[in-house]
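Protein chains in written order, with the numbering used here: chain Z, 18 to 360; chain A, 18 to 360. Heads up, the beta-carbon is just placed ideally off N, CA and C, and yes, glycines get one too.
2 protein chains.
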Amino acid sequence: MSESKIKNMAEFASVSGISRPTISKYFNDPSSVRATIRTRIEAALEEHDYRPNIYAMNQNRRLTKNIGIVVPYLSDPFFAEIARNIEQRCIAAGFWPTLFSSHGSRDLECNILDSLRSLKPAGVLFAPLGRASDRSVIEKFCKDVPTVLFDSDLEGIGAAFVGSDNFSFVAQSVEYLVRSGAPPCFFEMRTPANPNANKRRKAYISIMERLGFEPDVIKVDGEGWAFEDIGYRGAMRVLSEDTLASDTVLCSNDRLAIGFLAAAFEKGIRVGREPDSALRVAAHDDHPFSRFTCPSLTTVAHDYEAVSNRSVETLFELIEGGGRLTSRTEKLFEARLILRASA
Amino acid sequence: MSESKIKNMAEFASVSGISRPTISKYFNDPSSVRATIRTRIEAALEEHDYRPNIYAMNQNRRLTKNIGIVVPYLSDPFFAEIARNIEQRCIAAGFWPTLFSSHGSRDLECNILDSLRSLKPAGVLFAPLGRASDRSVIEKFCKDVPTVLFDSDLEGIGAAFVGSDNFSFVAQSVEYLVRSGAPPCFFEMRTPANPNANKRRKAYISIMERLGFEPDVIKVDGEGWAFEDIGYRGAMRVLSEDTLASDTVLCSNDRLAIGFLAAAFEKGIRVGREPDSALRVAAHDDHPFSRFTCPSLTTVAHDYEAVSNRSVETLFELIEGGGRLTSRTEKLFEARLILRASA
DNA sequence: ATAAAATATTGACGCGCGTTAAAATTTTTT
DNA sequence: AAAAAATTTTAACGCGCGTCAATATTTTAT
C-alpha cells in the first residue's frame, strides 16, 4: 500500500487513471460501471485506501443511504435483538443504519425524530413508545420521512406497520392453558405503555368468553419500563393477599412474568405444571431471558425473523417507490407457543 | 410559524436580518455571539424553524461534534445501560453520539471502526470485545482518532482507560463468602471473551492464597456471548456429576450465575444463605436482571455512574487537549457488595 | 464625549462531491 | 469492417456552509 494519502476523489481519479465522474458512479453503485473499470478501481482502492467523504457525498444527494432505526427501550434485550437483526439486513443491502433508543421517554423520542430529520435518511424503521408517544409529532415526521412502524402500531401513521398478531399470542396461550388445566387469569399493568398490551387484554377477554369462561383481569400499579419490578411488586401483593381466583396466571408479557416468578419463589410458592405445583404461570414474547427463569417460562414467541425481515423489506419497497406505497399495509405475524416448565 | 420553507443559511440570514457568518458562528457556539444578536436569532428560529444542513456543516470542519460509542454486545442490558448513560452525557454536552454494537463479532468491530473513521468523530468511547478484538486494527484506529477505552482494557491502546477494579470485585465477594461460610470455588468460562474475566480469576487465586485457602477454579466449555446458556450447561454438568468441592460457588459474572441458578433450580438444589440451603452462589457485575433471579443474586456492583461519568469526562479532556493527553491514564473504580438471597 | 476594544457585516473563496452536456472512446451488433 | 449502442471522459457548475480579510458598527472603558 502506497504511503501517499489521497485526500479527495479527484486525486484518487488521477492515481487510478479513471475519470472522476466514473469514480463517483462507482461509489454510488459499483455495478453501474463496466467490469474492466470496476476491477481497475478496486485495484487502485487496494493500493491507496481512499474513501469518499461521506459529508460531501450526502450533501447534494436528494436521498442518502442512511436508515434510522428507533426502538423504545434498548435496555430491553428483546428490542436489542430486533434492532441487531434489522441493522444487519440494512448493512447487507448497502445502507448505513443508525440506532436510536427513546429510553422510554416521550421527549427523547421527539428529539430523535428531530435529529433523524436532519440526517435526511432514505427511510426509518420506527418502534414507537406507544401511549407515551407524541402522536402529532410522529404524524408530522412520517409525512416528511418514509417510515415503517414496527412492533407497536399507531393507527394510520407511517407508510406501513409490521408486527406480531396479539390475538394469535393470546389465543395460543389461553387455549393451551385451558386445555391443560384451569382457565387463566390475566396479569398486567394498570396503564400499559404499549398498545400491544391493550390488544392482548382484549384478546384474552374475547377468547375466554368464547370458551365460556369468566375473564379475570388483574391490574397492578406501576409506571414506566421497569416491567420486572412492576411484576414483582404486583405479584408480591397479590400473593400476599391471596386474592388469586385461579391457579393459572397469564402475564401480559415475559418481563412481568420474570418479576412474578421471582415473587412466587420468594413466597415459597411452587410454580410449574407438575401436580405438586401450586401455580402455573405463562406469558408472551419469548424474551431472551425467559429460558432462564425458575422455572423456565412457558410463553408464546414472536416470529422475530419474520417481523424484522418484513419490516426491512417493506421499507426497501417504500424507498424504491419514492417514499410512497399504494396504501398503508398492516402485516401481523402469527406467534408460536413455547412450552417450558412454568405452565 | 411562517409557511415559507427556508432552504439554506443565506436565506435564513436574510429573513432574520443578521449576516450569514454571524449565523454560522451562532450555530457553532451560541455563546460566541452577543446576547442581543442571540435573542434575535432565536426569535427568527421560532418563526421559521430552519436547521443547518449537517452534511455541509461537517464537510469542512476539521472536527465534527460527533462522538462514537462502541460496545461489544448491546443485547446485554449491562452494556445497554452504560451506553444509555454515556449517550445522555454526550448530548448534554452538545455532542452528537452514535451508538454501535460489535455484537460479539471481530469483523463487525473492525467494520465499525472503519465506519467511524469516515464519520470524523471528535472522539470515541470504546468498549472492545477483548480477546476477540483485532489488536492491530484497534491500535491503528486509536492513533488516528481520539479514543477512550472503557470496561475492557487493551493495554497500551487508546488515550485512557476507565473501568472497574476487578481485584476489588473479587476481594469483596471472596472475603464476604469466607466470612459467612465456606471458601468459594470459582466458576468461569474456559476461554473468557473478556480480559476482566482473567483478572478476576487471578484475583480470586491470589486472595484465596492470601487467606490460606486452596483456590479451586472450575472452567466450563462454551464460546461466544451466550453466557447464561454456557453457565446453565456448565452447571448442569457439574451438578450432575456432583464434582463440586465446595458448597459455595463464585461465578465470574452475573450472566453465568443466571444460568447456574437456572440449572440448580432445575436440579432441585436449594440455593441461598439459609441453613437448609445446599449451595451458595454469588457473582460479579450487578446485572440488571440479577435482582430477579431465584433466589435473588448476591453480587458485586460496578459503580456504573462513576465509570460512565469518568469515561465521558476523560474523552472531553482529550478532545479539548486536541486529541492528546499528557500520558495514558487508567482509572479503576471500586466495586460495592450487594447482599441478596443467594449467598 | 472620546478612544479603545469587541463584535458584526460585506464580499469572496474553498471544501469534496453530485450531476450534467457534449465529445471521445469502447463495446456490441450486423 | 462498419454502424449502432453503451460507456467513459472532459469541462464545468452548484450544493450549503466554514472561514477569512477588510470594513463598519456597536459596546465598553477612560
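Would you say residue 83 of chain A and residue 139 of chain A are within 8 Å of each other, going by their C-beta atoms? Counting from 1 along the second sequence, the entry for residue 83 of chain A is found at position 66. Counting from 1 along the second sequence, the entry for residue 139 of chain A is found at position 122. Yes, they are a contact pair.
Mind checking if residue 91 of chain Z is an interface residue toward chain A, Cβ cutoff 8 Å exclusive? By one-based count along the first sequence, residue 91 of chain Z stands at place 74. At a cut-off of 8 Å between beta-carbon atoms, residue 91 of chain Z makes contact with chain A.
Report, in whole angstroms, the separation of the C-beta atoms of residue 132 of chain Z and residue 125 of chain Z, which I expect to be a contact under 8 Å. Position 115 of the first sequence, counting from 1, holds the residue named residue 132 of chain Z. Position 108 of the first sequence, counting from 1, holds the residue named residue 125 of chain Z. The C-beta separation of residue 132 of chain Z from residue 125 of chain Z comes to about 10 Å, leaving the pair out of contact by the 8 Å criterion.
Alpha carbon to alpha carbon, how far is residue 258 of chain A from residue 17 of chain A? Give it in angstroms, no decimals. The structure shown does not extend to residue 17 of chain A, since chain A is modelled only from 18 to 360, so the question has no answer here.
Rounded C-beta distance between residue 95 of chain Z and residue 304 of chain Z? I'm assuming under 8 Å. Start at 1 with the first residue of the first sequence, and residue 95 of chain Z comes out as number 78. Start at 1 with the first residue of the first sequence, and residue 304 of chain Z comes out as number 287. The Cβ separation is near 5 Å, so the contact holds.
Specify the secondary structure class of residue 87 of chain Z as computed by DSSP and reduced to three states. In the first sequence, residue 87 of chain Z corresponds to position 70, counting from 1. When DSSP states are grouped into helix, strand and coil, residue 87 of chain Z belongs to the strand group.
What does residue 113 of chain A pair with, by DSSP beta-bridge criteria? In the second sequence, counting from the first residue as 1, residue 113 of chain A sits at position 96. The partner list for residue 113 of chain A (beta bridge, DSSP) reads A/83.
Given that a residue counts as buried once 16 or more other Cβ atoms are within 10 Å of its Cβ, and exposed if not, what is residue 160 of chain Z? In the first sequence, residue 160 of chain Z corresponds to position 143, counting from 1. With fewer than 16 other Cβ atoms within 10 Å, it is exposed.
N-terminal and C-terminal residue of the alpha helix (DSSP H) that residue 335 of chain A is part of: Position 318 of the second sequence, counted from the start, is the residue given in the question as residue 335 of chain A. Element bounds for residue 335 of chain A: 321-337.
From Z/230, Z/222 and Z/278, pick the residue whose C-alpha is nearest to that of residue 358 of chain Z; which is it? Taking the first residue of the first sequence as position 1, residue 358 of chain Z is located at position 341. Shortest Cα-Cα distance from residue 358 of chain Z to any of Z/230, Z/222 and Z/278 involves Z/278.
If the criterion is Cβ atoms closer than 8 Å, does the pair residue 167 of chain A and residue 144 of chain A meet it? Taking the first residue of the second sequence as position 1, residue 167 of chain A is located at position 150. Taking the first residue of the second sequence as position 1, residue 144 of chain A is located at position 127. In this structure, residue 167 of chain A places its C-beta atom within 8 Å of the C-beta atom of residue 144 of chain A.
Which residues of the stretch 248-281 of chain Z have a Cβ closer than 8 Å to any Cβ of chain A? Give them in chain order. Within the stretch 248-281 of chain Z, the qualifying residues are 249, 275, 276, 278 and 279.
Count the other C-beta atoms from every protein chain shown that fall within 10 angstroms of the C-beta of residue 328 of chain A, then say buried if there are 16 or more, exposed otherwise. Reading the second sequence from its first residue, position 311 is the one you call residue 328 of chain A. Buried is the call here.
Given 8 Å as the limit, is there contact between the stretch 234-242 of chain Z and the stretch 162-179 of chain Z, that is, 3 or more CB pairs closer than that? No, the stretch 234-242 of chain Z is not in contact with the stretch 162-179 of chain Z.
On a Cα-Cα basis, can you pick out the residue from A/38, A/243 and A/352 that is closest to residue 206 of chain A? For the purposes of this step, residue 206 of chain A is taken as the residue at position 189 of the second sequence. Nearest to residue 206 of chain A by C-alpha distance, out of A/38, A/243 and A/352, is A/243.
Throw me the rounded Cβ distance for the residue 201 of chain Z and residue 266 of chain Z pair, which I believe falls under 8 Å. The residue labelled residue 201 of chain Z in the question sits at position 184 within the first sequence. The residue labelled residue 266 of chain Z in the question sits at position 249 within the first sequence. Yes, they are in contact, since the Cβ atoms of residue 201 of chain Z and residue 266 of chain Z sit about 6 Å apart, within 8 Å.
So residue 318 of chain Z and residue 350 of chain Z are in contact, right, with Cβ under 8 Å, and what is the actual spacing, rounded? Here residue 318 of chain Z corresponds to residue number 301 of the first sequence, with the count starting at 1. Here residue 350 of chain Z corresponds to residue number 333 of the first sequence, with the count starting at 1. Not really, about 10 Å apart at Cβ, beyond 8 Å.
Coil, strand or helix - residue 358 of chain A by DSSP: On the second sequence, position 341 is the one that residue 358 of chain A refers to. Three-state DSSP puts residue 358 of chain A in coil, outside helix and strand.
Straight-line Cα distance separating residue 339 of chain Z from residue 24 of chain Z: As a position in the first sequence, residue 24 of chain Z is number 7, starting the count at 1. As a position in the first sequence, residue 339 of chain Z is number 322, starting the count at 1. In a straight line, the C-alpha of residue 24 of chain Z is about 33 Å away from that of residue 339 of chain Z.
Of all Cβ atoms in chain A, is any one closer than 8 Å to the Cβ of residue 28 of chain Z? In the first sequence, counting from the first residue as 1, residue 28 of chain Z sits at position 11. Not a single CB atom of chain A sits nearer than 8 Å to the CB of residue 28 of chain Z.
Between which two residues does the alpha helix (DSSP H) carrying residue 301 of chain Z extend? Reading the first sequence from its first residue, position 284 is the one you call residue 301 of chain Z. Counting along the chain, no alpha helix (DSSP H) covers residue 301 of chain Z; the unbroken beta strand (DSSP E) around it starts and ends at 297-302.
Residues in the stretch 158-181 of chain A with C-beta within 9 Å of chain Z's C-beta atoms, listed in sequence order? Residues passing the 9 Å Cβ filter: none.
Per DSSP, the bridge partner or partners of residue 346 of chain A: Here residue 346 of chain A refers to the residue found at position 329 of the second sequence. Beta-bridge partners assigned by DSSP to residue 346 of chain A: A/177.
Pull the bridge partners of residue 265 of chain Z from the DSSP assignment, please. For this step, residue 265 of chain Z is matched to residue 248 along the first sequence. DSSP output for residue 265 of chain Z lists Z/297 as bridge partner(s).
What residues from chain Z crowd round residue 309 of chain A, counting only those whose CB sits closer than 7 Å? Taking the second sequence and counting its residues from 1, one reaches residue 309 of chain A at position 292. Under the 7 Å cutoff, chain Z gives 245, 249, 275, 276 and 279.
Does the CB of residue 321 of chain Z have a neighbour CB from chain A at under 8 Å? Working through the first sequence from its first residue, we reach residue 321 of chain Z at position 304. Residue-level contact by beta carbon fails for residue 321 of chain Z and chain A, as no gap is shorter than 8 Å.
Run through chain A and tell me which residues come within less than 7 Å of residue 115 of chain Z, C-beta to C-beta. As a first step, residue 115 of chain Z must be located in the first sequence, where it is residue number 98. Those are 115, listed as they occur along chain A.
Starting from residue 157 of chain Z, follow the alpha helix (DSSP H) in both directions and report where the run begins and ends. Counting from one through the first sequence, the residue named residue 157 of chain Z turns up at place 140. Where residue 157 of chain Z is concerned, the enclosing alpha helix (DSSP H) stretches over 152-161.
Mind checking the stretch 327-338 of chain A against chain Z and listing, in chain order, the residues whose C-beta falls within less than 8 Å of any C-beta there? Cβ contacts with chain Z come from no residue of the stretch 327-338 of chain A.
Continuous beta strand (DSSP E) assignments of at least 3 residues falling wholly in the stretch 223-264 of chain Z: You should have 234-237.
Identify the contact partners of residue 75 of chain A in chain Z, using a Cβ-Cβ distance below 7 Å as the criterion. Taking the first residue of the second sequence as 1, we reach residue 75 of chain A at position 58. Per Cβ cutoff of 7 Å: 72.
Using a Cβ cut-off of 8 Å, pull out every chain A residue sitting near residue 98 of chain Z, in sequence order please. In the first sequence, counting from the first residue as 1, residue 98 of chain Z sits at position 81. 92, listed in chain order.
Distance, residue 170 of chain A Cα to residue 233 of chain A Cα: Here residue 233 of chain A refers to the residue found at position 216 when the second sequence is read from its first residue. Here residue 170 of chain A refers to the residue found at position 153 when the second sequence is read from its first residue. Each residue's alpha carbon lies about 26 Å from the other.
Residue 68 of chain Z touches chain A at which residues, Cβ-Cβ below 9 Å? The residue labelled residue 68 of chain Z in the question sits at position 51 within the first sequence. Within chain A, the residues near residue 68 of chain Z are 131, 134 and 135.
Report the rounded CA-to-CA distance for residue 134 of chain A versus residue 70 of chain Z, giving the unit in angstroms. For the purposes of this step, residue 134 of chain A is taken as the residue at position 117 of the second sequence. For the purposes of this step, residue 70 of chain Z is taken as the residue at position 53 of the first sequence. Going by the C-alpha atoms only, they are around 10 Å apart.
Member of Z/189, Z/271, Z/298 and Z/183 whose CA lies at the smallest distance from the CA of residue 215 of chain Z: As a working note, residue 215 of chain Z is residue 198 in the first sequence. The shortest C-alpha to C-alpha distance from residue 215 of chain Z to any of Z/189, Z/271, Z/298 and Z/183 is the one to Z/183.
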